Every structure is written in structure tokens, then in C-alpha cells.
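Working notes, beginning with the structure itself.
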Amino acid sequence: MFGEFNESARKEVEILRILSQFKYPVGSTVLRRELGRRGFHLNDRTIRYHLKLLQARGMVKGHGKQGRTITVAGLEELEKALAYQRLGSVLTRYLALAYSITYDPLENKGKVVANISIIKRKHLDKMLDLMGKLCKLRLLPAPYFKVLYEGEEYQGLTISKDKVAVFTVCNLTIDGVLMKAGIPIMLRYGGLAQFVDYKPIRFVELLSYDGTTLPPLELLVYRGVTSIRYFLDTGSGILPLNFREAPAEAREQVINILDELKSRGWGGIVGIGQPNEPVLGVPVAMDRFGICIVGGLIAEATMKEIGVSVETFAPHCLIPIENMEKVA
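Numbering-wise (our numbering), the sequence shown opens with residue 17 and increments by one.
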């Protein structure tokens with residue numbers, strides 16, 4: 017039924033999963049609440065659209081104003097889809113998102129991969145202030161953001177009372193720019209790196225992306241083991257980084273592209289190794305070199321350090337950079 021497991025298919029699988037957990041008909045209001053808890057912030061109209069498609073395929077059954085229930089065919093399809101999801105990996109999805117960008121550094125236009133963080137409205141100024149400090153230190157992958165306020169709608173995402181959604185640029189966008197230039201990038205690890213006097217020293221923890229179904233960097237951030245606030249005050253601390261590799265022959269081209277991004281205010285590049293040499297203590301494969309980039313969740317991790325509750329969905333979607341504004 018679902019064919020290629022794209023974003024639309026993931027939404028429909030979640031709808032089926034929720035319906036399978038209820039013995040009685042469920043309406044769009046309940047579905048919206050449950051989907052939101054799982055990272056899919058859809059409005060009622062979008063949910064009804066997907067329900068209509070599912071009903072046309074025989075996956076759900078309508079019960080008038082009471083709502084809908086999942087059918088036997090829907091349960092069978094859900095079981096197949098969940099098996100497919102288990103076979104997939106975070107790495108596959110991340111690289112697919114990176115490859116899907118259309119951002120052109122020379123034109124400064126096109127779609128970028130975005131993370132979404134949902135916080136209480138009263139914490140927005142603090143988050144924007146932290147983003148400004150991180151940007152000045154060139155620790156944000158890109159100096160752009162978008163805020164969605166209560167009652168506003170964007171790409172099927174609606175914001176509940178007293179909340180805001182902050183879109184930031186995911187560092188997968190940088191991988192996408194390199195991939196679009198014909199450079200094969202391999203995302204290897206998410207990890208934590210020690211900094212002293214604003215300089216990266218070494219990785220102190222690494223989690224591989226290969227074969228995992230859980231995002232390594234998110235796991236590390238949610239453990240609360242970063243010390244970004246201390247770094248902002250002293251220049252020393254533990255920061256979240258991603259580690260990727262590229263062919264040695266492409267090193268000069270990679271540096272030129274990253275320099276172009278830097279000229280437009282992009283940052284987060286904290287280490288570019290030499291071919292066949294370790295970077296921050298991490299070895300690379302033969303005839304490759306390593307690139308270390310600060311995780312796009314660094315602002316969200318900093319908010320967590322100061323005790324602010326943050327719902328983070330990273331990476332979440334593609335949005336035009338023209339719809340974002342620059343960090344002050």
C-alpha cells in the first residue's frame with residue numbers, strides 16, 4: 017500500500033497505529049492530540065484528508081460523526097508497515113532528507129532540512145538570545161530560524177495554546193549541499209566532544225548511525241550530559257557533534273563549498289581532517305577524511321540545560337530558507 021516510505025506514508029501509518037489502540041470510533045480531534053504526542057503536528061483538515069485516503073483504500077471504516085475505526089485490512093497493512101520501519105535505519109532517512117534539499121549557497125535560496133522545537137511562549141526570547149550567542153561563536157549550522165505562534169499554521173503544523181514552534185536549520189543541510197555537488201558523504205557518528213579555550217580537543221563519547229533505529233545525537237542530548245552553558249561562559253565544555261567522512265579526492269572541493277557557506281554566516285564546522293588521519297581522536301576509513309559539525313540541536317540542548325521543557329523533532333521536514341529569518 018505505502019510503496020516508498022515517505023513522510024505522507026509515515027503519517028498514515030501513525031494514524032493506523034493510533035486507531036488500532038482504540039476499540040471505539042476515533043475522530044480527528046483525538047487523532048490530532050495523539051499524533052502531536054508522536055511528533056506529527058497536523059491540523060484537523062490534514063488529518064481528515066489522510067483518513068479519506070485510508071478509507072478509500074479500505075484501511076479504515078467511517079462511523080459518521082463518531083469517527084473511524086481501523087479495519088482488518090488496515091491492521092494487516094499496519095503490521096507490514098511496522099516491519100518495514102524496523103528494517104530501516106535512522107541513517108537511511110537522514111541521508112534521504114539531505115539528498116532532498118534544493119538549497120543553493122550561491123543563490124541563498126531553496127529548501128533546507130529543518131528541526132522543530134516546541135516550547136512555551138514565555139521561553140521564546142531566551143531561546144532566541146541563546147541562538148544569537150551561539151551564532152556569534154559560529155556554532156549554529158545556519159543563522160536562520162522561523163517561529164510559528166499559537167493558532168498559526170505552516171506545512172500542516174498547528175500550534176496549541178501558549179506554545180510556539182521554532183524551526184532551525186539541521187546540519188544535514190550541509191551534507192545535502194555537498195551531496196548535490198557530487199560528493200558522497202557518509203554520516204558515521206553522533207557524539208560528545210570536549211572543548212577547551214573554544215577549541216575542540218577530542219570526542220568523549222560516540223554512537224554509530226549504522227543500523228540504528230534511534231537518533232544517536234538525540235539520545236545523548238536527552239541524557240543531559242552536555243555543558244554548553246559553561247562553554248558559553250568559559251570556552252570549555254562538552255558539545256554535541258556529528259562526524260562524517262568524504263573521499264580524500266574531494267577534500268579541496270569540500271573546503272571550497274564550506275567556505276562559501278561560511279561567507280554567508282553558516283557555521284558549526286569545528287574540524288576537517290587530513291586524508292587517512294584521525295579527527296578529534298576518531299579514525300577514518302582508507303582514502304577518506306573526517307568532518308566534524310556541531311549538532312543542529314545545540315540550541316535545544318542549551319535550553320534543556322537551563323531547565324526549560326523542549327519537545328524536539330529532528331530532523332523534521334524541508335522548508336524554503338526564504339521563509340526563515342536571520343538570527344540577530
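We put the beta carbon where it would ideally sit given N, CA and C, even for glycine.
Keep in mind that this is a model prediction, so the values were computed, not measured.
Query - Euclidean distance between Cα positions of H57 and K342 - result: Answer to the nearest angstrom: the Cα atoms are 24 Å apart.
Query raised in the report: Which residue's Cα is closest to the Cα of N313: L236, I117, Y40, G281?
Result: Note that residue 313 is Leu in the sequence shown here, rather than Asn. Answer by Cα proximity: L236.
**Report entry** Between the CA atoms of G297 and V193 - distance to the nearest angstrom
**Finding:** Roughly 26 Å between the two C-alpha positions.
Report task. Report the three-state DSSP secondary structure of P216 (helix, strand or coil). Result -> DSSP, read as helix, strand or coil, puts P216 in strand.
Requested in this report: With DSSP as the reference, label E293 as helix, strand or coil.
Outcome: E293 falls in the coil class under three-state DSSP.
Query - Limits of the unbroken beta strand (DSSP E) element including G312 - result: No beta strand (DSSP E) holds G312; DSSP gives it neither H nor E.
Query raised in the report: Does the stretch 163-183 come close enough to the stretch 252-272 to have 3 or more Cβ pairs within less than 8 Å?
Result: Touching, no.
Query raised in the report: Roughly how far, in whole angstroms, is the beta-carbon of E28 from the beta-carbon of L91, given that I think they are within contact range, below 8 Å?
Result: No, E28 and L91 are not in contact; Cβ-Cβ is about 14 Å, not under 8 Å.
Report task. Output the distance between the C-alpha atoms of L208 and K81, rounded to the nearest integer angstrom. Result -> Straight-line Cα distance between these residues: approximately 51 Å.
Query - Supposed close pair C308, A130 - CB separation, criterion 8 Å - result: C308 to A130, Cβ: 22 Å. No contact.
Report task. Using 10 angstroms around the beta-carbon of R260, count the other beta-carbons present and answer buried if the total reaches 16, otherwise exposed. Result -> Burial is judged here by how many other beta carbons sit within 10 angstroms of a residue's own beta carbon; R260 has at least 16 and is buried.
**Report entry** Alpha-carbon to alpha-carbon, T174 and E168
**Finding:** Going by the C-alpha atoms only, they are around 6 Å apart.
Query raised in the report: Leaving out five residues before and five after I271 in sequence, what residues of the same chain have Cβ atoms less than 7 Å from its Cβ?
Result: Around I271: I288.
Query raised in the report: Taking 8 Å as the CB-CB cut-off, is F56 touching chain C?
Result: Protein chains in the displayed structure number just one, and chain C is not present.
Query raised in the report: Where does A344 land, buried or exposed, given buried means 16+ other C-beta within 10 angstroms?
Result: Per the 10 Å Cβ criterion, exposed.
Requested in this report: Just confirm the distance between the C-beta atoms of G283 and P157, as a whole number of angstroms; I'd bet it's less than 8 Å.
Outcome: That pair is a contact at about 7 Å.
Query raised in the report: In whole angstroms, what is the alpha-carbon distance linking I285 and G311?
Result: Between the C-alpha atoms of I285 and G311 there is a straight-line separation of about 10 Å.
Requested in this report: Look at the alpha carbon of E316 and the alpha carbon of T85, and state the distance between them as a whole number of angstroms.
Outcome: Taking the straight line joining both Cα atoms gives about 37 Å.
Report task. State buried or exposed for H66, treating a residue as buried only when at least 16 other CB atoms are found within 10 Å of its CB. Result -> Its Cβ being crowded by 16 or more others within 10 Å, H66 is buried.
Query - For G253, the first and last residue of its enclosing beta strand (DSSP E) - result: For G253, the uninterrupted beta strand (DSSP E) segment begins and ends at 253-263.
Report task. Counting only the same chain and skipping the five closest in sequence on each side, list residues whose C-beta sits under 6 Å from that of K278. Result -> Excluding sequence positions up to five before and after K278, its CB lies less than 6 Å from no other CB in the same chain.
Report task. Measuring alpha carbon to alpha carbon, tell me which of L146, L32, G52 ends up nearest E327. Result -> That would be G52, whose Cα lies nearest to the Cα of E327.
Report task. Flag this pair as yes or no: are the beta carbons of T318 and L146 separated by less than 8 Å? Result -> In contact: T318 and L146 (Cβ atoms closer than 8 Å).
Requested in this report: Return the chain-ordered ranges of every beta strand (DSSP E) run that is complete within the stretch 157-193 and spans a minimum of 3 residues.
Outcome: If we require 3 residues or more, the beta strand (DSSP E) runs fully inside the stretch 157-193 come out as 160-164, 179-185.
Query raised in the report: In chain order, what residues of the same chain have a beta carbon less than 8 Å from the beta carbon of K177, not counting five sequence neighbours either side?
Result: Correct list, in chain order: E166.
Query raised in the report: So what does V270 bridge to, in DSSP terms?
Result: Per DSSP, V270 has no beta-bridge partner at all.
Requested in this report: In angstroms with no decimal places, state the Cα-to-Cα distance between L103 and T228.
Outcome: Note that L103 has pLDDT 49, beneath the 50 cutoff, so the model's placement of it is unreliable and the number below is only indicative. About 10 Å.
Query raised in the report: The alpha helix (DSSP H) with G148 in it runs from where to where?
Result: Per DSSP, G148 is one residue of the alpha helix (DSSP H) stretching across 140-152.
Query raised in the report: Which residues in the same chain as Y115 place their Cβ atom closer than 7 Å to its Cβ, once the five residues preceding and following it in sequence are excluded?
Result: Counting only Cβ-Cβ distances below 7 Å, and skipping sequence neighbours, we find G192, M195.
Report task. Label G198 either buried or exposed according to how many other C-beta atoms from any shown protein chain fall within 10 Å of its C-beta, with 16 as the threshold for buried. Result -> Answer is exposed; the Cβ neighbour count stays below 16.
**Report entry** Residue environment, R54, which counts as buried when at least 16 other CB atoms sit within 10 Å
**Finding:** When all chains shown are included, R54 counts as exposed.
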